[in-house]
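K.L.:
Residue numbers (our numbering), protein chains in the order written: chain H, 20 to 292; chain Z, 2 to 290.
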Amino acid sequence: MFSGFMLNAWESGTLVAIVAGIVGFFVVLRGSAFPAHAIPNGAFAGAAGANLIGINPLLGLGLFSLLAALGIGSWGRRGRPDVVTALALVLMLALGAAFLSQSSAYEPEIYALLFGEILGVSSAQLVPLVVLGAICAIVIAVLYRPLLVTSLIPDVAAAHGMSTTTIDTTFLIIVAMATTMTVPVVGALLIFTLMMGPPAAARSLSSRPSLALGLSVVIALGVMWASIASAFQWNWPVGFFVGTYSAIAYAIARLISLRPTTRTRTLYRAHTH
Amino acid sequence: MRFLFAPGFASSGPVHVALALGAMVAIVSALVGVFTVVRSQSFAGHALTDVATAGGAGAGYLGVNALAGFVVGSLAGGVAMETIGVQRVRSRDVATGIVLGAATGCSALFFYLEANTGSTTGSTQRILFGSLFEVAPGTLPVVGLLGVATVGALVCIGRALLLSSVSPEMATVGGIATRSVSVIFMLTLAVSVGLSSVAIGAILSTALLIGPAASALRLARTMRGALVLASVLGVVATSLGVLLAYDSYNWSSRHAPLPVSFFVVVIVVATYALTYVPVLRRRAMTGRS
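#1: Got a sec: is the Cβ-Cβ distance from residue 260 of chain Z to anything in chain H below 8 Å?
#2: Who are the Cβ neighbours of residue 261 of chain H in its own chain at under 8 Å, not counting the five residues just before and after it?
#3: In the DSSP assignment, the alpha helix (DSSP H) including residue 247 of chain H goes from what residue to what residue?
#4: Find the residues of chain H that neighbour residue 107 of chain Z, judging by a C-beta separation of less than 9 Å, and give them in chain order.
#5: DSSP three-state label for residue 182 of chain H, please.
#6: Would you tell me roughly how many angstroms separate the C-alpha atoms of residue 253 of chain H and residue 19 of chain Z, rounded to the nearest one?
#7: Can you tell which of H/197, H/229 and H/256 has its C-alpha closest to the C-alpha of residue 34 of chain H?
#8: Check the Cβ-Cβ distances between residue 277 of chain Z and every residue of chain H, and say whether any is below 8 Å.
#9: Throw me the rounded Cβ distance for the residue 269 of chain H and residue 220 of chain H pair, which I believe falls under 8 Å.
#10: DSSP on residue 121 of chain Z, reduced to helix/strand/coil?
#11: Which whole runs of the alpha helix (DSSP H) in the stretch 196-277 of chain Z are 4 residues long or more, in chain order?
#12: Can you list, in chain order, the residues of the stretch 69-97 of chain H whose Cβ is nearer than 8 Å to any Cβ on chain Z?
#13: List, in order along the chain, the chain Z residues whose C-beta lies closer than 7 Å to that of residue 256 of chain H?
#14: According to DSSP, simplified to helix, strand and coil, what is residue 140 of chain H?
#15: Closest Cβ-Cβ distance between residue 32 of chain H and chain Z: below 8 Å?
#16: Taking the alpha carbon of residue 26 of chain H as the point to measure from, which residue in H/141, H/187 and H/154 has its own alpha carbon closest?
#17: Could you list which residues in chain B have their beta carbon closer than 9 Å to that of residue 53 of chain H, in chain order?
#18: Check whether the Cβ atoms of residue 191 of chain Z and residue 177 of chain Z sit closer than 8 Å, and answer yes or no.
#19: The stretch 205-228 of chain Z: which residues have C-beta closer than 7 Å to a C-beta of chain H, in chain order?
#20: If you draw a straight line from the C-alpha of residue 113 of chain H to the C-alpha of residue 80 of chain H, how long is it?
#21: For residue 2 of chain Z, does the three-state DSSP call read helix, strand or coil?
#22: Kindly list, in the order they appear in chain Z, the residues whose Cβ is closer than 7 Å to that of residue 42 of chain H.
#23: What span of residues does the alpha helix (DSSP H) with residue 48 of chain Z cover, start to end?
#24: Give the residues of chain Z in contact with residue 235 of chain H, contact being defined as C-beta atoms less than 7 Å apart.
#25: Within 8 Å, do at least three Cβ pairs link the stretch 54-70 of chain H to the stretch 161-175 of chain H?
#26: Would residue 263 of chain Z count as contacting chain H if we go by Cβ distances under 8 Å?
#27: What's the C-alpha gap between residue 237 of chain H and residue 264 of chain H?
#28: Are any of the Cβ atoms in chain Z nearer than 8 Å to that of residue 102 of chain H?
#29: Exposed or buried, residue 60 of chain H, counting other C-beta atoms within 10 Å across all chains shown (16 or more means buried)?
#30: Would you report the Cα separation of residue 280 of chain Z and residue 227 of chain Z, rounded to the nearest angstrom?
#31: Is the beta carbon of residue 40 of chain Z sitting closer than 8 Å to the one on residue 166 of chain Z?
#32: In this structure, how does DSSP classify residue 272 of chain H when only helix, strand and coil are distinguished?
#33: At the level of alpha carbons, what is the spacing between residue 106 of chain H and residue 173 of chain Z?
#34: Please classify residue 315 of chain Z as buried or exposed, where buried requires at least 16 other C-beta atoms within 10 Å of its C-beta.
#35: For residue 221 of chain Z and residue 230 of chain Z, which I take to be in contact (beta-carbon distance under 8 Å), what is that distance rounded to the nearest angstrom?
#36: Pick out whichever of H/193, H/101, H/138 and H/50 has its Cα sitting closest to the Cα of residue 160 of chain H.
If you want it as structure tokens, here you go:
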């Protein structure tokens with residue numbers, strides 16, 4: 020389980036989980052679930068386009084996820100953000116469908132881009148993963164406070180002269196970078212799952228930002244490792260386990276966090292009746 | 002005329018089916034879409050297509066009717082989102098995201114299992130992107146029937162739904178059960194999305210749900226006007242898309258036609274972008290940046 024090609028899977032999976040845990044924490048905090056879903060899906064179209072003209076798929080992924088981030092960030096301010104995100108998403112998917120109709124990409128390639136092929140990661144693919152992952156982590160470390168303040172108390176941030184819109188767009192660009200590095204490994208559909216389930220679970224366990232951020236990374240790592248081990252054991256797609264384990268992690272966290280809340284509610288009822 | 006209508010367009014059977022089905026789905030999606038946009042539930046509307054896809058993939062693997070798989074999958078997803086969803090928009094999006102993640106995991110498994118049993122090929126692409134030209138004429142009546150049921154449900158709850166979307170407090174004061182209304186709308190949305198994603202694919206489903214409705218809401222002054230305009234825009238975009246996709250067979254020497262979804266989406270997004278032109282022009286005239 021820990022030899023040869025599996026070693027690459029463990030290493031890339033660990034990197035992806037750390038980045039997803041960190042970036043995902045802010046995705047959940049800022050309520051950017053829809054853009055975080057739209058950007059990887061749009062990036063998929065970029066890979067299809069790169070495939071069509073015969074260049075490195077990473078270039079296509081990067082370009083399209085960046086365009087998606089900038090488009091959603093700038094246009095979303097003028098209209099309804101959710102409408103703009105939905106339209107940006109379908110526009111990119113439609114471009115992807117058009118690229119695919121003109122190229123001869125066959126079924127397994129499409130499946131891999133959507134659902135990932137972590138067991139097929141080569142050592143050469145690890146390099147961009149490390150570089151982009153490090154950039155993401157550094158940018159988030161630098162912007163940690165502004166990101167937190169604009170997410171939690173936007174009025175205070177505005178009063179201090181922080182530009183919410185600049186931070187918004189910068190954050191979407193970080194999501195785009197995280198997408199570019201992770202889509203070849205876990206696929207467009209599942210990076211979203213990993214940026215959603217573990218951070219949401221962590222958020223319902225702790226309201227202290229730094230603790231929740233740490234928990235988010237720990238849970239993401241747990242989900243990722245368990246998924247790789249299960250995929251190796253039962254020979255089913257990694258994506259299925261990532262999706263299932265993320266949902267289970269969230270359900271358990273919600274159950275744990277519900278207990279004190281019900282107690283508070285009973286107290287409240289006892290006092291008011 | 003030959004340039005616009007490639008030979009055989011008017012007499013082709015698949016074209017008739019595509020036009021009829023496209024128009025039906027476009028109208029139902031536009032009507033449901035207006036309420037979806039007003040309630041800021043675009044994400045749920047889109048996520049349900051992926052959840053429905055999981056249902057469709059599961060049906061494909063088990064060998065049961067695909068339409069049933071799509072609608073059941075979508076309904077189950079809608080119920081799950083409403084169950085964990087909290088009323089605040091942020092938490093609601095997280096709930097949607099969790100359901101969406103679990104569903105895509107299931108799709109990954111079903112597609113994998115189906116590909117391994119080797120019964121069919123190309124199902125990943127077909128289910129995701131759909132093709133109006135490959136619809137069996139038998140699906141028409143079923144889609145029509147469920148479409149009528151969806152619109153009927155909207156007519157029944159329309160007024161209560163609008164009030165509880167725009168002002169939940171007023172609705173509660175007026176004696177409307179906002180929670181039930183929201184659940185009924187979620188189920189209506191789920192059926193409509195399930196239908197449209199089996200008929201025209203996941204991409205077009207979201208495009209026709211959100212695009213025409215969002216444009217109409219920017220242009221029309223009344224709710225009734227928005228509903229009518231959204232339906233018209235949806236039908237026009239779909240018909241034009243079918244026409245252009247049919248024509249595109251002759252555009253390149255390789256005769257690789259572009260997908261219908263591509264044209265419809267481009268038309269829908271361009272329409273929405275055009276609704277901004279009057280605003281930008283007014284700003285330019287008054288000298289604001």
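The beta-carbon is built from N, C-alpha and C at its ideal position, and this holds for glycine as well.
Bear in mind the structure is a predicted one, so any value in this text is a computation, not a measurement.
P.N.:
The relevant details are as follows:
#1: yes
#2: 205, 209, 212, 213, 242, 243 and 246
#3: 228-253
#4: 259, 262 and 263
#5: coil
#6: 42 Å
#7: H/197
#8: yes
#9: 5 Å
#10: Low confidence applies to residue 121 of chain Z: its pLDDT is 49, below 50, so where it sits in the model is not reliable, and the reading given next is rough at best. In the structure shown, residue 121 of chain Z sits in coil (DSSP, three-state: anything other than H, G, I, E or B).
#11: 203-220, 224-248 and 261-275
#12: 97
#13: 109, 110 and 113
#14: coil
#15: no
#16: H/141
#17: The question asks about chain B, but that chain is absent: this structure's protein chains are H and Z.
#18: no
#19: 207, 208, 211, 212 and 215
#20: 15 Å
#21: Below a pLDDT of 50, predicted positions are generally treated as unreliable, and residue 2 of chain Z, at 48, falls in that range; the measurement from the model is reported next regardless. Note: residue 2 of chain Z maps to coil in three-state DSSP.
#22: Near residue 42 of chain H there are no residues of chain Z at all, since even the closest Cβ is about 14 Å away, more than 7 Å.
#23: 43-63
#24: What residue 235 of chain H touches in chain Z: nothing, since even the nearest Cβ is about 13 Å away.
#25: no
#26: yes
#27: 13 Å
#28: yes
#29: buried
#30: 18 Å
#31: yes
#32: helix
#33: 33 Å
#34: Since the first residue shown for chain Z is 2 and the last is 290, residue 315 of chain Z is missing from the structure and cannot be characterised.
#35: 5 Å
#36: H/193
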